[in-house]
Ligand code: SF4
Ligand code: SF4
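Residue numbers (full-length UniProt numbering): 1 to 287.
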């Protein structure tokens, strides 16, 4: 199975978070057309493959306010060779379209307290008809919101906390966040990764709008192109060339961390195995 992190040219977002790690911009109509064309090309490529594929869309901006991302999620979710299709989203979009997706669609939702009223966000996320995780940036100003969200979400919904970029957490602070997300310890510190085996560049790749393939979003070396197949001979087990890996979408694939076991069944959408099991029980009981 090949897991693909896809990031096209889209860079605009309807939110304006102060801690946004991305260089947000307005996308001109021609940039939006290029993003749409790139995504449709990628979707057609996935549909033409025999191999089993999982996809995580990791746009610089917000994808689901654009019809083509919603359409790609639905279309890919029904393909026989697609095991999972997920997207990182702020969930500002309407959600009725998700009813058309298969149970292989999933959402990686982030709650941004300064951008959306809690009273609007909570019912929306609680009524999602597809698999999802929900998360928040572990900024001190978010602590009360995070606690409230944990209390109000069903126990089978995993709430993750991302360590804030550049913040050093005291043990007491880390304990507060760990009470909300028992896996916060994985995010608290960057992981030393140099020379360690990482699945990216072997069973996981990063693809941009032109089809340029890299092992992950963080290592600039190009492995080839998706559309001419030139990336294929480059796939093999590899060690990480960078000193540290501090983003979940990267280090979840770093083999010594063992996170494929922790997130078994939900690696791309960040749903841990224990929560997967709880969600399955709820589905079976028809709740
Ligand atoms: S929702 Fe995400 S992409 Fe948009 S401004 Fe906030 S952090 Fe940046
Ligand atoms: S450990 Fe992180 S930075 Fe290193 S290769 Fe893997 S995903 Fe990329």
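Glycine is no exception: its CB is placed at the ideal position from the N, C-alpha and C atoms.
- In the DSSP annotation of this structure, residue 61 is not part of any beta strand (DSSP E), being labelled neither H nor E.
- The C-beta of residue 62 has 16 or more other C-beta atoms within 10 Å across all chains shown, which makes the residue buried.
- Between residue 98 and residue 109, the C-beta spacing is not below 7 Å.
- Across the set 54, 258, 136 and 140, the C-alpha of 136 shows the shortest separation from the C-alpha of residue 160.
- Of the residues assessed, residue 88 falls on the buried side of the cut-off, its CB having 16 or more other CB atoms within 10 angstroms.
- Note that the C-beta distance between residue 223 and residue 211 is not below 7 Å.
- The beta carbon of residue 13 is closer than 7 Å to those of 24, 61 and 62 in its chain, skipping five residues each way along the sequence.
- Here DSSP, grouped into helix, strand and coil, assigns residue 233 to helix.
- Short of 6 Å from the beta carbon of residue 190, and not among the five residues preceding or following it, lie these beta carbons of its own chain, in chain order: 244 and 246.
- The beta carbon of residue 13 sits closer than 6 Å to at least one heavy atom of ligand 1.
- The beta carbon of residue 26 sits closer than 6 Å to the beta carbons of 12 from its chain, once the five residues preceding and following it are set aside; these are given in chain order.
- Short note on residue 200: C-beta closer than 6 Å to some heavy atom of ligand 2.
- Annotation for residue 18 indicates a beta carbon at 6 Å or more from all heavy atoms of ligand 2.
- Residue 68 places its beta carbon less than 7 Å from that of residue 39.
- Annotation: residue 66 to residue 268 spans about 21 Å, alpha carbon to alpha carbon.
- Residue 3 is bridged by DSSP to 54 and 204.
- Assignment of residue 12 by DSSP, reduced to helix, strand and coil, places it in the coil class.
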